[in-house]
Structures are given as structure tokens and as C-alpha cells.
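What follows is a single structure, written as C-alpha cells, with notes after it.
Number of protein chains: 2
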Amino acid sequence: MNKVKTFSNANVSLTPQIFYILLSLAIKERHGYEIMKQIEHDSNGRIKLGPGTLYGAVKRMLEEKLIIELDTQHARRKYYKLTEKGRTIFSHELERYNDAVELAKKRSLFVKPSVIKFAYA
Amino acid sequence: MNKVKTFSNANVSLTPQIFYILLSLAIKERHGYEIMKQIEHDSNGRIKLGPGTLYGAVKRMLEEKLIIELDTQHARRKYYKLTEKGRTIFSHELERYNDAVELAKKRSLFVKPSVIKFAYA
DNA sequence: TGACAGTATATCGTATTATGATATAATCTC
DNA sequence: GAGATTATATCATAATACGATATACTGTCA
Numbered sequence: 003m004n005k006v007k008t009f010s011n012a013n014v015s016l017t018p019q020i021f022y023i024l025l026s027l028a029i030k031e032r033h034g035y036e037i038m039k040q041i042e043h044d045s046n047g048r049i050k051l052g053p054g055t056l057y058g059a060v061k062r063m064l065e066e067k068l069i070i071e072l073d074t075q076h077a078r079r080k081y082y083k084l085t086e087k088g089r090t091i092f093s094h095e096l097e098r099y100n101d102a103v104e105l106a107k108k109r110s111l112f113v114k115p116s117v118i119k120f121a122y123a
Numbered sequence: 003m004n005k006v007k008t009f010s011n012a013n014v015s016l017t018p019q020i021f022y023i024l025l026s027l028a029i030k031e032r033h034g035y036e037i038m039k040q041i042e043h044d045s046n047g048r049i050k051l052g053p054g055t056l057y058g059a060v061k062r063m064l065e066e067k068l069i070i071e072l073d074t075q076h077a078r079r080k081y082y083k084l085t086e087k088g089r090t091i092f093s094h095e096l097e098r099y100n101d102a103v104e105l106a107k108k109r110s111l112f113v114k115p116s117v118i119k120f121a122y123a
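Sequences listed follow chains Y and A, in order.
So the first sequence is numbered by the working numbering: it starts at 3 and just counts up by one.
So the second sequence is numbered by the working numbering: it starts at 3 and just counts up by one.
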């Protein structure tokens, strides 16, 4: 019945996939394939979206007006841009992330990560 | 086919629901209802798990050995405890949260949250 | 020039997860 | 002992993620 569960339900949280799509578009507009690559980079290789996940999510985000499609000359590429609503929701989610980290630190649950990391920087 | 998608696939990330269950058990063992209440507290009211979500998630987490059930005298309550595996996975997810926040700060996307918050502290 | 890797978008079916409704019963408080 | 709260559980459905597959363009380099 409710088609907008993800973005307007009682649970004010996003899936990691949606979060990283918003993050990737927070800097600048991108096309689908570019979003995929950026997410892989931004998540230090943790998140890899296949086309099914990406375009499914993009479709829902368009419906929800979290992003809009830019009308460009490109026939091949479709560029997406964050809306104000999208930016607000991203900001809230980021705050949730930050709150969780702060809480974990307060409870001494946050173990300093190892120096050696993925080669993504 | 693959029954352990959530915790062992290419995408090294957890749903917010699983994350908060792990967080709530990171301090001490708790029973189901207690987990629900703790999550509401820890998430500043953002996440509210109903019984369907909670017990479904708990079942999967038991299967994955992220948590174990304690054998107590309580007939009514079932207590759950984090395993080492569960603690490790939680730690990784926390690092993902932290990395995302740091990245957002570096890109000046992190807006200082308003002082007025929920009455959860 | 033509083969091959990579870029780019899209859809399909299935698996996975979240959720509200519902059920049942114990406990607590007044 | 009535009513609110605590507590666990299952069910059907909705929402989401995912791999597979398809199609076609672009770049390169032999």
C-alpha cells in the first residue's frame, strides 16, 4: 500500500545503498555508471552495486524526488542531481551515523581501525 | 540459494536494524523486548523495531552465530549475547560509519546538527 | 578493421529483509 | 481483578537487493 516506506516511515534510516548514492551525488551530478564507481571508491570497496540495485534504487529515488534527472545533450548518459529534499535526508542520515559513532565511542566500543587499509584512499 | 547474504556477501554492510541490535548487545546481554527498547533509546527514537522485525532478525543472527542464546532460569525471557564474530562484524560496521562521517566532513557535507534534539540523551 | 575490454543503461526473476497485524500469556499496579 | 505493560512468536505482505541477462556504444591497439 505505502509506496514510500523507505523514506517516510517511522524508521528514519536509509539502507547503506541509498546512503552512498546520496553521498556520491552530494558533490556533483553524475550518471548511473559513475555513481557505481564512486560508491565503490567512497565506501573503500565495501559497497559494490550491480545494475539491478542501482537502477532500481534510482527509480525509487526519482519517484521520491530525492534526485532529479538532468536534461542534457547526452543521448547515452543520464545525469542525476540531488534535490533539496535529497540533501536534507542525506544530512539526517549522516547525523544518525555520527550519533551512532559518538555513542559507541562513549561506550568504549570503538576500536581504533588498523592503519593498513584498502588501496582506495 | 545463499542463505547468508546479509553477513557474508560482497557488500560488507549491515542494515540499520541489525546494526542497532548488535550495538544494544555490545554492552551486555539482553532479552528481546529489552533490545527493542534499547534500540529506540540508542537511535534517539529514529529506529523502532516491531516484533516481526526483531524476532526475524534475531533468528537470522542466531543462525549466523552473531549472537547466542543464554540458558537462564527464566522461562519467560530469552537472553541473547554477542559472540566474538558478532563483535567483529559490529566493529567493522562501526568503522564504515566512521569512515563515511569522516569523508563527509572532508567534503564539507557534514552540517552541525541543531542543539535541540529528542529527549532521549 | 576488427576484436576485445570497458562503458552505459535497462529489465527480469528471485532472494532477502522489514513490517504491521495478530495471537497468546505473564506480570505489574492500583 | 481490571487494565496497562511486558514478552515472545508467527503470518502474510511489502520493500529492497541482487545476479543474470540483454543491448549497444566507445576506446584502443594490433
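Backbone N, C-alpha and C define an ideal beta-carbon position, used for all residues, glycine too.
Just to confirm before moving on: does the CB-CB distance between residue i and residue j stay below 8 angstroms?
| i | j | result |
| --- | --- | --- |
| residue 14(Y) | residue 94(Y) | yes |
| residue 100(Y) | residue 103(A) | yes |
| residue 48(A) | residue 89(Y) | no |
| residue 51(A) | residue 19(A) | yes |
| residue 128(A) | residue 105(Y) | Missing from the structure shown is residue 128(A); chain A here goes from 3 to 123 and no further. |
| residue 74(Y) | residue 17(A) | no |
| residue 39(Y) | residue 67(Y) | no |
DSSP on residue i, reduced to helix/strand/coil?
| i | result |
| --- | --- |
| residue 32(Y) | strand |
| residue 121(Y) | Model confidence at residue 121(Y) stands at a pLDDT of 39, short of 50, so the residue's coordinates are unreliable; what they give is reported in the following sentence. Coil, per DSSP. |
| residue 84(Y) | strand |
| residue 126(Y) | Given that chain Y is displayed from residue 3 to residue 123, the structure contains no residue 126(Y) and the question cannot be resolved. |
| residue 49(A) | coil |
| residue 72(Y) | strand |
| residue 17(Y) | coil |
| residue 24(A) | helix |
| residue 67(A) | coil |
| residue 112(A) | coil |
| residue 78(Y) | coil |
| residue 8(A) | Because the pLDDT at residue 8(A) is just 39, under 50, the model does not fix this residue reliably, and the value given afterwards should be weighed accordingly. Helix. |
Since residue i and residue j are thought to touch, with beta carbons under 8 angstroms apart, how far apart are those beta carbons, to the nearest angstrom?
| i | j | result |
| --- | --- | --- |
| residue 37(Y) | residue 56(Y) | 7 angstroms |
query = Taking three-plus beta-carbon pairs below 8 angstroms as touching, is the segment 22-32 of chain A in contact with the segment 81-88 of chain A?
reply = yes
ask   = Counting pairs of Cβ atoms below 8 angstroms between the segment 56-63 of chain A and the segment 18-27 of chain A, do you hit three or more?
value = yes
request  = Compile a chain-ordered list of the residues in the segment 57-81 of chain Y whose CB is closer than 8 angstroms to at least one CB of chain A.
outcome  = none
Where the segment 82-100 of chain A meets chain Y: residues whose CB sits under 7 angstroms from a CB there = 93, 96, 97, 98, 99 and 100
message = Tell me which residues of the segment 15-27 of chain Y have at least one Cβ-Cβ distance to chain A shorter than 9 angstroms, keeping chain order.
response = 15, 16, 17, 18, 19, 21, 22 and 25
Members of the segment 26-45 of chain A near chain Y, C-beta cut-off 8 angstroms = 28, 29, 44 and 45
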